[in-house]
Amino acid sequence: MTKSDYTNLVKQYSPGSKIAQNCLRAFVVGGAICVVGQLIMNVLLAGGMVRDDASLLTACALIIIAIVLTAMGTYSKIGKFAGAGSAVPITGFANAITAPAIEYKKEGLVMGVGAKLFIVAGPVLVYGAMASVVVGIFYYLFGGGR
Amino acid sequence: MKKIMGKQTVRFANPPTVLAAASIVGPKEGEGPLSEYFDQIAPDITFGTDSWEKAESQLVSDTIQLAVQKAKLRMDDIGFILAGDLLNQSSGSNYGIRACERPFFGLYGACSAIGEGMALGAMLLDGGFAQYVLANASSHYCGAEKTFRFPLELGTQRTPTASWTVTGDGAVVLAAQGNGPFVTAVTAGSIVDMGVTDASNMGAAMAPAAAAVITAHLRDRNLNADYFDAIVTGDLGQVGADLLMALLREEKIDIAKQYDDCGLLIYDREKQDVHAGGSGCGCAAVTFASYLLPQLQTKKINRLLFIPTGALHNVASIQQGETIPAIAHAIAIENRVPASDPPSSTKGAQS
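Protein sequence lines correspond, in order, to chains A and B.
Numbering of the first sequence is given in our numbering, commencing with residue 23 and proceeding in unit increments.
Numbering of the second sequence is given in our numbering, commencing with residue 9 and proceeding in unit increments.
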């Protein structure tokens, strides 16, 4: 049997992910996280906070909730159910930072937590920062940024 | 008596006896179908330690002590310890065994470690280099996740082809003399790589290695698959097991009647949510120690072909786009030593 024959055989015997179910769950849970964020924001606005401060505090609140849920071992269960639904929102980013912090705590604060903190989220930061520089240059040149 | 049969099989002039075996597992394995067979089920996956690495070493240390005790020996009686695991530099074994003060060979064959240990151990015994050898293999779910995948608390989804690393250790004591069950022949596998790149589908990567070693064992000993009462692979899981059947059908070998896989025996796949099945060095080791060996000892089966399987990639090789090399070793364990020389034994002499 050639490698390409075997690749086809593997495809035939390997069950695929349940895409429709995963999409639906991601939509529901991702949406629910956004609803929670909106509720927090509305409460803050109703309390008389200005919009900029309220959105900043809402993001902080969601991050703290995600960190607590990660530490409790709950966020990984939500993630298993929701997939991208809990990975894409800001809470997913918080989870991606907190999970390595917990995992590598035993290797110490410097080479453990410090060095491994961004092992999952690092690429998002690196390419996010790079993209923002590129966008900034375009904005400066063509967007009336002067 | 010639000990080399065919291309890659050895048989033993004085087949070693499998004297005793011990198994200790984690809580999840303790909830599985083999629950009643394990020697000990740990209530806590940390094994009373404060890190996953230390937990695995504690598990190794406890299990080998228990195996020696079950064999009614003292640690000093063991000529060699052969052990392997999945942590970097096999540290689970190294730290678990450091207090034993016995000659030690560390092995890396990924999840085939118990097969590698039993094969080499049987050769050491038949060579007259020891009276007793201890083969050991361990894995820890959390340690393996940390080594090969993501931090434990990261909220990710596993693919349907992924397997669940067994938390457990199986230790096997082999003796130069005894009343069986006997390790009668061993076929050491060569590395087989059929181009699988998905580290979440290790069953698919390993199935060709298992098929190759089963075919080689039967060919070298000139046997039909029916000779064995049970043919059991290490940790192919459902995907790998299905692929193995398909590959062997191409070779006109049918093992459906007597086939099973430790990765399918150890968990209830649906209830325990382990996707394709169990995996890890501990998977084959604890299933052999707790379930398969007693089947031989109580004569429920008399001829077992045990085929631990391993995927030999690491994190860097997968990130560099390499395919997954796989290995499998076939260990024949029989209650009676076959009397006559199978005719194929001359083939190796001629070639």
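Glycine included, each C-beta is placed from N, C-alpha and C at the ideal position.
All values reported here derive from a predicted model rather than from experimental measurement.
Cβ-based burial, residue i [other Cβ within 10 Å; buried from 16]
i, result
"residue 105(A)", "buried"
"residue 178(B)", "buried"
"residue 353(B)", "Residue confidence for residue 353(B) is low, a pLDDT of 42 falling below 50, so the modelled location carries little weight; the figure read from the coordinates is stated next. When all chains shown are included, residue 353(B) counts as buried."
"residue 122(A)", "buried"
"residue 195(A)", "This structure does not reach residue 195(A), given that chain A is present from 23 up to 168, and the question cannot be answered."
"residue 36(B)", "buried"
"residue 70(B)", "buried"
"residue 56(A)", "exposed"
"residue 276(B)", "exposed"
"residue 282(B)", "buried"
"residue 226(B)", "buried"
"residue 10(B)", "exposed"
"residue 162(A)", "exposed"
"residue 82(B)", "exposed"
"residue 291(B)", "buried"
"residue 98(B)", "buried"
"residue 55(B)", "buried"
C-beta atoms of residue i and residue j nearer than 8 Å
i, j, result
"residue 245(B)", "residue 217(B)", "no"
"residue 156(B)", "residue 323(B)", "yes"
"residue 199(B)", "residue 315(B)", "no"
"residue 189(B)", "residue 294(B)", "no"
"residue 20(B)", "residue 130(B)", "yes"
"residue 151(B)", "residue 60(B)", "yes"
"residue 75(B)", "residue 141(B)", "no"
"residue 129(A)", "residue 154(B)", "no"
Three-state class that DSSP yields for residue i in the structure shown
i, result
"residue 204(B)", "coil"
"residue 113(B)", "strand"
"residue 314(B)", "strand"
"residue 339(B)", "strand"
"residue 119(A)", "helix"
"residue 275(B)", "coil"
"residue 54(B)", "coil"
"residue 87(A)", "helix"
"residue 90(B)", "strand"
"residue 241(B)", "strand"
"residue 175(B)", "coil"
"residue 55(A)", "helix"
"residue 267(B)", "strand"
"residue 286(B)", "strand"
"residue 292(B)", "helix"
"residue 216(B)", "helix"
"residue 150(B)", "helix"
According to DSSP, residues forming a beta bridge with residue i
i, result
"residue 180(B)", "29(B) and 143(B)"
"residue 18(B)", "12(B) and 194(B)"
"residue 334(B)", "200(B) and 319(B)"
"residue 48(B)", "32(B)"
Nearest candidate by alpha-carbon position, reference residue i, set the options
i, options, result
"residue 116(A)", "145(A), 159(A), 107(A) and 84(A)", "84(A)"
"residue 175(B)", "341(B), 251(B), 100(B) and 253(B)", "100(B)"
"residue 94(B)", "118(B), 106(B), 325(B) and 77(B)", "118(B)"
"residue 43(A)", "34(B), 165(B), 39(B) and 114(B)", "165(B)"
"residue 169(B)", "19(B), 76(B), 243(B) and 11(B)", "243(B)"
"residue 36(A)", "270(B), 294(B), 254(B) and 220(B)", "254(B)"
"residue 25(A)", "129(B), 213(B) and 67(B)", "213(B)"
"residue 345(B)", "90(B), 186(B) and 55(B)", "186(B)"
"residue 309(B)", "292(B), 235(B) and 113(B)", "235(B)"
"residue 347(B)", "115(B), 192(B) and 260(B)", "192(B)"
"residue 172(B)", "252(B), 22(B) and 280(B)", "280(B)"
"residue 53(B)", "65(B), 287(B) and 42(B)", "65(B)"
"residue 68(B)", "86(B), 46(B), 77(B) and 103(B)", "103(B)"
Min CB distance residue i to chain E below 8 Å
i, result
"residue 154(B)", "No chain E appears in the structure shown, which is made up of the protein chains A and B."
Contact test: residue i Cβ vs the ligand NAD heavy atom, cutoff 7 Å
i, result
"residue 158(B)", "Questions concerning the ligand NAD fall outside what the structure shown contains, since it holds no ligand whatsoever."
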